[in-house]
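Residue numbers (my numbering): 25 to 369. Think of the CB as a built atom: it goes at the ideal place given N, C-alpha and C, for glycine as much as any other residue.
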């Protein structure tokens, strides 16, 4: 039974290629340890699910032990465990869920299977305090591009828009491959774009003014590839910095435009941006500019909390415990297509 008003929660995140373990006391972050397998995937140009799953198996125990040591606590101090139950890669999710079940069962502690996307929203509380109710969340990563209305991150998260094809982060990876920049593409595009002109090439803005809150980045990705191919066929050099800057500007223009539209249409004055692409410097800058003009308060966690991590899972687990919500059953599944409205399983 949890008697402390500030629960101590250990969170496990294995939805993709990073084994993350975080420990949170209420809204205070005590430990955030990550073991990344990104280098193992780089030679393939993208994440290989079976490689990710094996890496999680190898990293789980030492990453948990590092988190406990960093927080200065033991298993006996933990009040509850939380784990990403979905969405994500099926095999990778199963490793984390199985580990969390084993820890919870052996220690007689409650277990909360949580939604990866809701966790990306909740992690901001570790840096900026309790979330305003309601707020709008723009989540952008390699697997997701979503706009959410969040009346209460523990009980009520609503999807208002999402990508109809490629996620923003996926487009960054594919364009980086076209430009021979490497993997993962997000940081490499961001770095190259700093030397380029964002207005050099007029790349398309998919679904910019279609009246929906949805995104489409597949056409943009294809437009970049065709533009580069045309230059190469003509024997002309490819201005990598200009291509990167113009592509990046097209992505962040659409993301921020739609996010501010949701805020305006729903009368919400607080916008949160999360997910791996939230670490992008141009997205942060343009979002701040547009929020300032619109009178909207912007919240963006520091880059380390934007990418996948165990701290966000622990943060949401802590929120669920504090709200008095029932824990998950030990037959908790891993659901690779878990909808964002299902905050916990």
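Using 7 Å as the cut-off, classify the Cβ of residue i as near or not near the heavy atoms of the ligand FAD, replying yes or no.
i	result
residue 351	The model depicted lacks the ligand FAD and carries no ligand whatsoever.
Per DSSP, residue i is paired with what?
i	result
residue 183	172
residue 139	110
residue 37	44
residue 164	169
residue 52	49
residue 368	138
residue 146	Note: residue 146 sits in no beta bridge, so no partner.
residue 104	33
residue 239	187
Counting along the chain, where does the beta strand (DSSP E) carrying residue i start and finish?
i	result
residue 42	42-49
Which whole-angstrom value is the C-beta distance of residue i and residue j, which I expect to be below 8 Å?
i	j	result
residue 351	residue 134	4 Å
residue 206	residue 196	So it is not a contact: roughly 12 Å between Cβ atoms.
residue 245	residue 190	6 Å
residue 292	residue 160	5 Å
residue 37	residue 108	5 Å
residue 360	residue 113	7 Å
residue 136	residue 341	5 Å
residue 122	residue 349	About 23 Å separates the two Cβ atoms, so there is no contact after all.
residue 224	residue 263	7 Å
residue 149	residue 51	5 Å
residue 116	residue 170	That belief does not hold up - the Cβ atoms of residue 116 and residue 170 are roughly 20 Å apart, past 8 Å.
residue 284	residue 318	5 Å
residue 358	residue 118	5 Å
residue 203	residue 184	That belief does not hold up - the Cβ atoms of residue 203 and residue 184 are roughly 33 Å apart, past 8 Å.
residue 188	residue 142	About 22 Å; that fails the 8 Å criterion.
residue 102	residue 54	No, residue 102 and residue 54 are not in contact; Cβ-Cβ is about 11 Å, not under 8 Å.
Residue range of the alpha helix (DSSP H) that residue i falls in?
i	result
residue 213	209-217
residue 197	192-202
residue 153	Run containing residue 153: none; DSSP gives neither H nor E here.
residue 30	Counting along the chain, residue 30 falls outside any alpha helix (DSSP H), and DSSP gives it neither H nor E.
residue 262	Residue 262 -> no alpha helix (DSSP H), and no H or E assigned at all.
residue 244	242-257
TODO: Report the residue ranges of all alpha helix (DSSP H) runs contained in full by the segment 54-98; include only those spanning at least 4 residues, in chain order.
DONE: 62-66 and 73-95
TODO: Could you pull out every unbroken alpha helix (DSSP H) segment of at least 4 residues lying fully inside the segment 284-359, listed in chain order?
DONE: 305-318, 327-330 and 334-346
- [ ] Could you tell me whether the segment 327-338 touches the segment 78-86, using the rule of 3 or more Cβ pairs below 8 Å?
- [x] no
Open item on the list: Assess contact between the segment 88-96 and the segment 32-51, defined as three or more Cβ pairs (one per stretch) separated by less than 8 Å. Is contact present?
Closed with: yes
TODO: State whether the segment 284-304 contacts the segment 164-173, with contact taken as three or more CB pairs (one from each stretch) at a distance under 8 Å.
DONE: yes
Open item on the list: I want to know whether the segment 174-192 touches the segment 232-241 - three or more CB-CB distances under 8 Å.
Closed with: yes
Task: Inter-stretch contact at 8 Å, needing at least 3 Cβ pairs: the segment 150-160 / the segment 280-295 - done: yes
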